[in-house]
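S.K.:
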Amino acid sequence: MPVRSPLASSAAQRRLFRWLGGLACIITWALAAALLDKPVLLPGPLMVLKQTAYLVLSKSGLQAIGWSILRWTQAFTVASIAGGLAGGLAFQSQALRHLLRPIISAIRSIPVIAAILIALIWVPLETVSILVGFLVAFPLMYQGVLDGLLAIDYRYIELGYAFDLPAYKMISRILFPGSLPVLISAIIGAVGMSWKATIAAEVLSQPLKAIGTELFTAKMFIDTSSIFAWTLIAVVTASILDSLLHWLQQRILRLYRPHPRLAKEIAQAAMHESAKFPPAAATQDQHPLPTLAGLACLSSEWPAPIGISFSSLSFSHASGNVFADLNLTIQPGTINVIFGPSGCGKTTLLRLAAGLLHPQSGRINFWASENNKTKTIEQHSLGASVVFQDSRLLPWMNIKRNINLPLKGKHRDKQELASEMLDLVHVPFPQHFPDQLSGGMQQRVNLARCFLNPAGLICLDEPFANQDRSIRADLMNGVIALQRLFKPTILWVTHDPGEAIKVADRIIMLDAQQDKKIAMDSELHGLLPEQRQEIFNKISSEYKVR
């Protein structure tokens, strides 16, 4: 018979063991008090419980508890605000982080008793406990905020930059929820430490109406049962706060672990997907383009297509040069496929165009034509939309909220737009979370989100990765239909020559040599099928050679 692991015990069993442990402590305490038989040294549990009830029900006792909680709340609130601001700024600036490190370490290293004695000299007695509580909580909150922000996967932060999210969205949708698991743990620790420090400071400063003052008074009169009672009140208050925070932590962490009952629907959808899109030799011509009637309302919000000019551009990283003296012009409103073997700089070129990387030398110029006038566009106001190789779906948001992320303001048609776009990419699960979807579905949501971000430049980095051939042709037609509706400029990276020849107005093949020159640059717009086939054969042979 297999031995059951102690870790496999149920939640009810764990609660039972905790209660039994507490009961054992009380019984041991009662026996020790009975054997000693000196209440002035060790009062029994019943005596302490009776005194606790008397203090809690008395007016003066309630006032002492209330004022102590108020002082701690003031200290913790100020520490949370100051620690949050300092941690956020330190996250943005490594120099500030190094500057604050010795200061935070010094504050954290000060013994509580030393902090109390210094505070007794510096501030009025009524505010000593507030200052001490702040000094204990502030470094913990600062470190919690900083560690939480540093723990966020940088790809999610880069996603916010790529979509040019406003500050309030960057904080509320990415930074705050992304740092929350670490931050909640820091808050739980800071609450307990600062509460104990506040009570200790009250013992020495003796403000009117405080738990610490009552403890000191009971000590002066050698009222041991009252000392135990006030200690019990302080412990129970801290335990209530701790329990509330742990409850909140569990509620928040549920956002990161969606209910498993929905996984069955995903499995069923995956089984039916191959039946819906049979793996025949599907081509773009065999599938009619979708109508996209529900997405037409976005047309008025879509900016003019962007033209790009790379002039004498050079870029390198630790492993060597990527581009040296690259010159390339992309015309507005065209589909430009960047083709070539792995490591030739395709993704780097996309990231340079999207503003996620900056060249060491040379220039990238952007322009748009409106009303027969050409205007220059600065890169910081470009607002390109990107499909990354990895889906980068935010795990704490469901699918509908993920694809609505780039929509500006309170768009009145968000619900309809999300449904229409999810239908287009064949993901009928708006309320599910990313980890409940297959890799292919996640990438399709990534594609849908990109086209809900009105942008004059769309950068697609292998948008059909992890897709079965049975659905790829349908998705390809969807992207072509979206481009015809909104008319953005598209930079499209792929390893598939067939995909390139079907969608491109222009194919740019990069050289895999050290300087990454352009190996081939072919216009496909308006070519006859046999001419396209000739170019297809050429890039296929070039690709194999390289």
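Using the working numbering, the first residue of the sequence shown is number 1119, and each one after it goes up by one. Ideal placement from N, C-alpha and C gives every residue a C-beta, glycine not left out. All values reported here derive from a predicted model rather than from experimental measurement.
Considering only C-alpha positions, which residue in the set Ile1187, Ala1280 and Leu1268 is nearest to Val1309?
M.R.: Checked all of Ile1187, Ala1280 and Leu1268; the closest Cα to Val1309 is Ile1187.
S.K.: Measure the alpha-carbon distance for Thr1191 versus Ser1588 and round it to whole angstroms.
M.R.: Their Cα atoms are separated by approximately 60 Å.
S.K.: Considering Arg1624, what are the terminal residues of the beta strand (DSSP E) in which it resides?
M.R.: Per DSSP, Arg1624 belongs to the beta strand (DSSP E) from Arg1624 to Leu1628.
S.K.: When you compare only the Cα positions, how much space is there between Gln1402 and Ile1608?
M.R.: Low per-residue confidence applies at Gln1402: pLDDT is 45, beneath 50, and the placement is therefore not dependable, though the value from the model is reported in the following sentence. About 18 Å.
S.K.: Looking only at DSSP bridge pairs, what is Trp1610 linked to?
M.R.: DSSP, once it has assigned bridges, lists Val1455 and Leu1578 as partnering Trp1610.
S.K.: My understanding is that Gly1558 touches Gln1585, with C-beta atoms under 8 Å, so please give their C-beta distance in whole angstroms.
M.R.: Their Cβ separation, rounded to whole angstroms, is 5 Å, which keeps Gly1558 and Gln1585 in contact under 8 Å.
S.K.: Report the rounded CA-to-CA distance for Ala1130 versus Trp1137, giving the unit in angstroms.
M.R.: Cα-Cα distance, rounded: 11 Å.
S.K.: So does the stretch 1467–1479 actually touch the stretch 1495–1507, counting three or more Cβ pairs closer than 8 Å?
M.R.: Yes: at least three Cβ pairs fall under 8 Å.
S.K.: When we look at the beta-carbon of Tyr1272 and count the other beta-carbons within 10 Å, is it buried (16 or more) or exposed?
M.R.: Label assigned to Tyr1272: exposed.
S.K.: Go ahead and label Leu1203 buried or exposed: buried means 16 or more other beta carbons lie within 10 angstroms of its beta carbon, across all protein chains shown.
M.R.: Exposed, by the Cβ-count rule.
S.K.: Residue range of the alpha helix (DSSP H) that His1216 falls in?
M.R.: That run of the alpha helix (DSSP H) goes Gln1212 to Ser1227.
S.K.: Check the C-beta distance from Gly1480 over to Ser1429 and give it rounded, since I have them as a contact under 8 Å.
M.R.: Confirmed, Cβ separation roughly 6 Å.
S.K.: In angstroms with no decimal places, state the Cα-to-Cα distance between Gly1425 and Gly1438.
M.R.: Taking the straight line from one Cα to the other gives about 29 Å.
S.K.: Let me know the secondary structure DSSP gives Glu1648 once reduced to three states.
M.R.: In this structure, Glu1648 counts as helix in the three-state DSSP scheme.
S.K.: Within the continuous alpha helix (DSSP H) that includes Ala1442, where are the two ends?
M.R.: Not the alpha helix (DSSP H): Ala1442 falls in the beta strand (DSSP E), residues Gly1438 to Ile1448.
S.K.: In whole angstroms, give me the CA-to-CA distance for Phe1395 and Ala1591.
M.R.: Because the pLDDT at Phe1395 is just 47, under 50, the model does not fix this residue reliably, and the point stays unresolved.
S.K.: Please classify Lys1635 as buried or exposed, where buried requires at least 16 other C-beta atoms within 10 Å of its C-beta.
M.R.: So Lys1635 ends up on the exposed side.
S.K.: Classify Lys1620: buried if its beta carbon has 16 or more other beta carbons within 10 angstroms, exposed otherwise.
M.R.: Buried, since its Cβ has 16 or more Cβ neighbours within 10 Å.
S.K.: DSSP three-state call for Gly1140: helix, strand or coil?
M.R.: In this structure, Gly1140 counts as helix in the three-state DSSP scheme.
S.K.: Here's the rule I'm using: 16 or more other beta-carbon atoms within 10 Å means buried, otherwise exposed. How should Phe1441 be labelled?
M.R.: When all chains shown are included, Phe1441 counts as buried.
S.K.: What separation, rounded to the nearest whole angstrom, lies between the Cα atoms of Pro1450 and Pro1546?
M.R.: Using only the alpha carbons, I get a separation of about 33 Å.
S.K.: Going by Cα to Cα distance, which pick from Val1246, Ser1658, Gly1262 and Cys1143 is closest to Leu1234?
M.R.: Before going on, a small fix: residue 1234 reads as Ile here, not Leu. When only C-alpha atoms are compared, the closest one is Val1246.
S.K.: Taking only three categories from DSSP, how would you classify Phe1334?
M.R.: Correct three-state label for Phe1334: helix.
S.K.: Look at the Cβ atom of Pro1163, then the Cβ atom of Ile1144, and state whether they are nearer than 8 Å.
M.R.: Going by C-beta atoms, Pro1163 is nearer than 8 Å to Ile1144.
S.K.: Taking the alpha helix (DSSP H) that Gly1480 falls in, what are its first and last residues?
M.R.: Not the alpha helix (DSSP H): Gly1480 falls in the beta strand (DSSP E), residues Ser1479 to Glu1488.
S.K.: From what residue to what residue does the alpha helix (DSSP H) around Val1092 run?
M.R.: The displayed coordinates of the chain run from 1119 to 1664. Any statement about residue 1092 would go beyond what the structure contains.
S.K.: Taking the beta carbon of Tyr1172 as the centre, do at least 16 other beta carbons fall within 10 Å, making it buried, or is it exposed?
M.R.: Classification of Tyr1172: exposed, given that the 10 Å Cβ count is below 16.
S.K.: With three or more C-beta pairs closer than 8 Å as the rule, is the stretch 1261–1269 touching the stretch 1340–1355?
M.R.: The answer is no - the stretch 1261–1269 does not touch the stretch 1340–1355, with fewer than three Cβ pairs under 8 Å.
S.K.: Is the beta carbon of Ile1305 less than 8 Å from the beta carbon of Leu1362?
M.R.: Contact flag unset, no.
S.K.: How many angstroms separate the CA atom of Glu1391 from the CA atom of Phe1604?
M.R.: Below a pLDDT of 50, predicted positions are generally treated as unreliable, and Glu1391, at 48, falls in that range; no measurement from the model is reported.
S.K.: Which class does Gly1179 belong to by DSSP, given the choice of helix, strand or coil?
M.R.: Of the three classes helix, strand and coil, the one that applies to Gly1179 here is helix, per DSSP.
S.K.: On the CB-based measure, 16 or more other CB atoms within 10 Å of its CB, does Arg1291 come out buried or exposed?
M.R.: Classification of Arg1291: buried, given that the 10 Å Cβ count is 16 or more.
S.K.: What is the DSSP secondary structure of Ile1384, reduced to helix, strand or coil?
M.R.: Its pLDDT being 49, under 50, Ile1384 is placed unreliably in this model, and the coordinates cannot settle the point.
S.K.: Can you give the Cα-Cα distance for Phe1281 and Ile1456, rounded to whole angstroms?
M.R.: If I take the Cα positions, the gap works out to 21 Å.
S.K.: Alpha carbon to alpha carbon, how far is Lys1526 from Asp1360?
M.R.: For Lys1526 and Asp1360, the distance between alpha carbons rounds to 39 Å.
S.K.: Using 8 Å for Cβ pairs, my map puts Leu1642 next to Asp1623. What's the rounded Cβ distance?
M.R.: Yes, Leu1642 and Asp1623 are in contact; Cβ-Cβ is about 6 Å, under 8 Å.
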